[in-house]
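Novice: Okay, handing you the structure first.
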Amino acid sequence: MKKPFEQIPFSPARWPFFYGWMILFWGIVGIILSVPGQTTGVSAFIEPLIKGLGIGRFEISVAYMVGTFSSSFLLTPAGKLFDRIGARWMAFVSCSSLGFVLLLLSQTDHIADGLATLLPEQIGLIGLLSFLFFLLRLSGQGVLTMASRNMVMKWFNHHRGLASGISGAAVSFGFSITPTIFSGMIGLHGWSGTWLMLGILLILVFAPLLLIFFRDHPEASGLVPDGKNHGTRNGTEEVVRQFTLPEARRTFPFWAFALTMALQALVLTATTFHIESIFELAGMEGSKGFAIFRPTAYVAISVTLLGGWLVDRTQLRWFLATMLLAMSVNLLGLIRLAPGWPIACLVFGGGVANGLFGILMSVTWPRYYGREHLGAISGLCMTFMVIFSAIGPAIYSAILKFATNYTAGNLACLAFALALLACSFFARNPQNRNASEIPLG
Numbered sequence: 000m001k002k003p004f005e006q007i008p009f010s011p012a013r014w015p016f017f018y019g020w021m022i023l024f025w026g027i028v029g030i031i032l033s034v035p036g037q038t039t040g041v042s043a044f045i046e047p048l049i050k051g052l053g054i055g056r057f058e059i060s061v062a063y064m065v066g067t068f069s070s071s072f073l074l075t076p077a078g079k080l081f082d083r084i085g086a087r088w089m090a091f092v093s094c095s096s097l098g099f100v101l102l103l104l105s106q107t108d109h110i111a112d113g114l115a116t117l118l119p120e121q122i123g124l125i126g127l128l129s130f131l132f133f134l135l136r137l138s139g140q141g142v143l144t145m146a147s148r149n150m151v152m153k154w155f156n157h158h159r160g161l162a163s164g165i166s167g168a169a170v171s172f173g174f175s176i177t178p179t180i181f182s183g184m185i186g187l188h189g190w191s192g193t194w195l196m197l198g199i200l201l202i203l204v205f206a207p208l209l210l211i212f213f214r215d216h217p218e219a220s221g222l223v224p225d226g227k228n229h230g231t232r233n234g235t236e237e238v239v240r241q242f243t244l245p246e247a248r249r250t251f252p253f254w255a256f257a258l259t260m261a262l263q264a265l266v267l268t269a270t271t272f273h274i275e276s277i278f279e280l281a282g283m284e285g286s287k288g289f290a291i292f293r294p295t296a297y298v299a300i301s302v303t304l305l306g307g308w309l310v311d312r313t314q315l316r317w318f319l320a321t322m323l324l325a326m327s328v329n330l331l332g333l334i335r336l337a338p339g340w341p342i343a344c345l346v347f348g349g350g351v352a353n354g355l356f357g358i359l360m361s362v363t364w365p366r367y368y369g370r371e372h373l374g375a376i377s378g379l380c381m382t383f384m385v386i387f388s389a390i391g392p393a394i395y396s397a398i399l400k401f402a403t404n405y406t407a408g409n410l411a412c413l414a415f416a417l418a419l420l421a422c423s424f425f426a427r428n429p430q431n432r433n434a435s436e437i438p439l440g
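Going by numbering that gives the first Met the number 0, the sequence shown opens with residue 0, and the numbers climb by one from there.
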């Protein structure tokens, strides 16, 4: 008798402990493998690319923005595909695709030389980089991250917050050290050689490992979420309805959470991209701006671990309100930036917001809307996030052209955050039949 695919090459039900913890480990690995397609991973290659390809900083920034923005429109269809074929095949294909894109990127200079015979050199190079960044962001930042995160959330219910907290802390640490690792590899092997090695590793080593150990959901393996059934905990509601994407879009909480996450993505990318300039305009050394990243990361990791434990016992709207309050504190620190309390606001507010962002991005959609259409619903949210993250640095650059600082942009984001803070108190779980859900249509 032919074995079901979920039991090849082994059955998770025969594992000596609940296989969900293996899923958590490999989900973390999958997200960390997406680093070459994340801004934190690409940043290590920017300076070598500028020198190696003879391209300007503005031109490569435009190519990156175009690639990122374009990739966002395929994330919702990718999420729907995830719902159909599952995390196992989705992760294998996206990891393999990311590897092939890195192989192409390693040959950018040679491909550009070929295009130069057909197009003006700079136009061909910008177009090539835009296309390759589009593929890089789609496969890495988008699909591989989504498949890995959603898979973990399908395997947990009452321990979903704990799993999210562990994942968030591990991923934060992994993301924080990879730029240093990539820089060291570039120093030894060059940007082309580094991308070539990473691509080969993803295709020949890690993609097969994901195919072996990933599993879409516990029921297909004869298991249940958390390894056993639980009763309802205080502050949480059982999933009694599986929302489709159109149904989720018609609920007020979807927009409250999705727009909050998109705003956080905009603020984070814009301030990170311009951090040196922001500090210089505040009368401080630009290098001081980079010094806030480490303490902010420590705060974020602490909040992620504590929040991951609490979120299984608390209504999500209070986490949303806390995140927006922290975001407002962070923006207030940016607006009044100077040594002392504004720096503390920047570190504490940014760390708390970043920590809660990771938890809410993972926990909200399966708890509020169920697991059946998780890919489509989370994919639309990621679309908003990627769009906002793509336009954030450009908006702040445009503001600086007409003003002497970034205050107007920070004030606009603060007003948006405060408006969402007022809305957060009404973002009740639609699974609760007594919740006063506010429909939009």
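Glycine included, every Cβ here is placed at the ideal spot set by N, Cα and C.
Bear in mind the structure is a predicted one, so any value in this text is a computation, not a measurement.
With DSSP run on the structure shown, which of helix, strand or coil describes I437?
Specialist: Reading the sequence shown from its first residue, position 438 is the one you call residue 437. Caution applies to I437, whose pLDDT of 42 falls short of 50 and renders its modelled position unreliable; the model cannot decide the point.
Novice: At which residue ranges does the segment 35 to 75 contain complete alpha helix (DSSP H) runs of 4 or more residues, listed in the order of the chain?
Specialist: For the segment 35 to 75, the continuous alpha helix (DSSP H) assignments of 4+ residues that do not extend past its boundaries occur at 38 to 52, 56 to 71, in sequence order.
Novice: Identify the continuous alpha helix (DSSP H) that holds L208 and give its terminal residues.
Specialist: As a working mapping, residue 208 is identified with position 209 in the sequence shown. Per DSSP, L208 belongs to the alpha helix (DSSP H) from 206 to 212.
Novice: Measuring CB to CB, does L201 end up less than 8 Å from L52?
Specialist: As a working mapping, residue 201 is identified with position 202 in the sequence shown. As a working mapping, residue 52 is identified with position 53 in the sequence shown. Judged by their CB atoms, L201 and L52 are not nearer to each other than the 8 Å cut-off.
Novice: What is the rounded straight-line gap between the Cα of E305 and the Cα of M21?
Specialist: For the purposes of this step, residue 305 is taken as the residue at position 306 of the sequence shown. For the purposes of this step, residue 21 is taken as the residue at position 22 of the sequence shown. Strictly speaking, residue 305 in this sequence is Leu, with Glu absent from that position. Approximately 22 Å, taken between the alpha carbons.
Novice: For T403, which three-state DSSP category applies?
Specialist: Taking the first residue of the sequence shown as position 1, residue 403 is located at position 404. Note: T403 maps to coil in three-state DSSP.
Novice: Given a threshold of 16 other Cβ atoms within 10 Å of its Cβ, counted over all protein chains shown, does E218 qualify as buried or as exposed?
Specialist: The residue you call residue 218 lines up with position 219 of the sequence shown. With fewer than 16 Cβ atoms within 10 Å of its Cβ, E218 is classed as exposed.
Novice: For L128, which residues in the same chain have their Cβ closer than 6 Å to its Cβ, ignoring the five residues on either side in sequence?
Specialist: Residue mapping note: residue 128 aligns to position 129 of the sequence shown, counting from 1. Here the set comprises A62.
Novice: Does the Cβ-Cβ distance between L258 and A416 come in under 8 Å?
Specialist: In the sequence shown, the residue the question calls residue 258 occupies position 259. In the sequence shown, the residue the question calls residue 416 occupies position 417. Cβ distance not < 8 Å, so L258 and A416 don't count as in contact.
Novice: Would S70 and V346 qualify as a contact pair, given that the criterion is a beta-carbon distance under 8 Å?
Specialist: In the sequence shown, residue 70 corresponds to position 71, counting from 1. In the sequence shown, residue 346 corresponds to position 347, counting from 1. No; because the gap between Cβ atoms is not below 8 Å, this pair is not in contact.
Novice: Buried or exposed: R427, going by 16 or more other Cβ atoms within 10 Å of its Cβ?
Specialist: Here residue 427 refers to the residue found at position 428 when the sequence shown is read from its first residue. Buried is the call here.
Novice: For L134, which residues from the same chain have a beta carbon less than 6 Å from its beta carbon, with the 5 sequence-adjacent residues on both sides left out?
Specialist: Here residue 134 refers to the residue found at position 135 of the sequence shown. Here the set comprises V100.
Novice: Taking all protein chains shown into account, do 16 or more other C-beta atoms lie within 10 angstroms of the C-beta of W340, making it buried, or fewer, making it exposed?
Specialist: Walking along the sequence shown from the start, residue 340 turns up at place 341. In the assembly as shown, W340 is an exposed residue. Its beta-carbon has fewer than 16 other beta-carbons within 10 Å.
Novice: Considering A156, what are the terminal residues of the alpha helix (DSSP H) in which it resides?
Specialist: Residue 156 sits at position 157 when you count from the first residue of the sequence shown. In the sequence as presented, Ala is not what sits at residue 156; that position holds Asn. Careful: N156 lies outside any alpha helix (DSSP H) and carries neither H nor E.
Novice: If L290 sits next to A325, beta carbons under 8 Å apart, how far is it from one beta carbon to the other, in whole angstroms?
Specialist: Walking along the sequence shown from the start, residue 290 turns up at place 291. Walking along the sequence shown from the start, residue 325 turns up at place 326. Position check: residue 290 holds Ala in this sequence, whereas Leu was assumed. Going by Cβ atoms, the distance from A290 to A325 rounds to 20 Å, so no, they are not a contact pair.
Novice: Tell me which residue opens and which closes the alpha helix (DSSP H) that Q121 is part of.
Specialist: Locating residue 121 in the sequence shown gives position 122, where the first residue counts as 1. From DSSP, the alpha helix (DSSP H) with Q121 extends over 120 to 135.
Novice: Does the distance from the CB of I398 to the CB of G391 come in under 8 Å?
Specialist: Counting from one through the sequence shown, the residue named residue 398 turns up at place 399. Counting from one through the sequence shown, the residue named residue 391 turns up at place 392. Cβ atoms of I398 and G391: not closer than 8 Å.
Novice: I'd like to check one pair, G141 with M360: are the Cβ atoms closer than 8 Å?
Specialist: Counted from its first residue, the sequence shown places residue 360 at position 361. Counted from its first residue, the sequence shown places residue 141 at position 142. Contact flag unset, no.
Novice: Could you name the residues of the same chain whose beta carbon sits closer than 6 Å to that of G85, not counting the 5 residues immediately before and after it, in chain order?
Specialist: As a first step, residue 85 is located in the sequence shown; it is residue number 86 there, counting from the start. Around G85: D215.
Novice: Figure out for me which residue from M64, E5, V41 has the closest Cα to the Cα of A389.
Specialist: The residue given as residue 389 occupies position 390 in the sequence shown. Comparing Cα positions, the closest option is M64.
Novice: Might you give, ordered along the chain, the residues of its own chain that have their beta carbon closer than 6 Å to the beta carbon of A450, omitting 5 neighbours on each side?
Specialist: Because the chain in this structure spans residues 0 to 440, residue 450 falls outside the shown range and cannot be described.
Novice: So S166 and I27 are in contact, right, with Cβ under 8 Å, and what is the actual spacing, rounded?
Specialist: For the purposes of this step, residue 166 is taken as residue 167 along the sequence shown, with counting starting at 1. For the purposes of this step, residue 27 is taken as residue 28 along the sequence shown, with counting starting at 1. Contact holds; Cβ gap of about 5 Å.
Novice: With DSSP run on the structure shown, which of helix, strand or coil describes T250?
Specialist: Reading the sequence shown from its first residue, position 251 is the one you call residue 250. Here T250 sits in strand by DSSP.
Novice: Please report the distance separating the alpha-carbon of Y368 from that of T243.
Specialist: As a first step, residue 368 must be located in the sequence shown, where it is residue number 369. As a first step, residue 243 must be located in the sequence shown, where it is residue number 244. Spanning the two alpha carbons is a distance of roughly 8 Å.
Novice: Which residue spans inside the segment 310 to 363 form an unbroken alpha helix (DSSP H) run of at least 4?
Specialist: Whole alpha helix (DSSP H) segments, 4+ residues: 315 to 334.
Novice: Which residue marks the beginning of the alpha helix (DSSP H) containing A426, and which one marks its end?
Specialist: Locating residue 426 in the sequence shown gives position 427, where the first residue counts as 1. Note, A426: premise wrong, no alpha helix (DSSP H); not H, not E.
Novice: Leaving out the 5 sequence neighbours to the left and right, which residues in its chain are closer than 6 Å to W194 when beta-carbon positions are compared?
Specialist: The residue you call residue 194 lines up with position 195 of the sequence shown. Counting only Cβ-Cβ distances below 6 Å, and skipping sequence neighbours, we find L101, L104, S105.
Novice: How would you write the range of the alpha helix (DSSP H) that K465 sits in, first residue to last?
Specialist: No statement about residue 465 is possible, as the shown extent of the chain runs from 0 to 440 and does not include it.
Novice: For the alpha helix (DSSP H) holding L32, just list the boundary residues, first then last.
Specialist: Residue numbering aside, residue 32 sits at position 33 when the sequence shown is read from its first letter. Start and end: 19 to 32.
Novice: Need the endpoints of the alpha helix (DSSP H) that G113 sits in, please.
Specialist: Here residue 113 refers to the residue found at position 114 when the sequence shown is read from its first residue. Looking at the DSSP string, the run of the alpha helix (DSSP H) that includes G113 is 107 to 114.
Novice: Could you round the C-beta distance between I358 and V310 to whole angstroms and report it? I think they count as a contact, below 8 Å.
Specialist: Here residue 358 refers to the residue found at position 359 of the sequence shown. Here residue 310 refers to the residue found at position 311 of the sequence shown. Right, the Cβ-Cβ distance comes to about 6 Å (below 8 Å), so this counts as a contact.
Novice: According to DSSP, is S10 helix, strand or coil?
Specialist: The sequence position of residue 10 within the sequence shown is 11, counting from 1. Correct three-state label for S10: coil.
Novice: So, under 8 Å CB-CB, L331 and A281 are touching, yes? Tell me the CB distance rounded to an integer number of Å.
Specialist: Mapped onto the sequence shown, residue 331 falls at position 332. Mapped onto the sequence shown, residue 281 falls at position 282. Contact check for L331 and A281: beta-carbon distance about 14 Å, past the 8 Å limit, so the pair fails to qualify.
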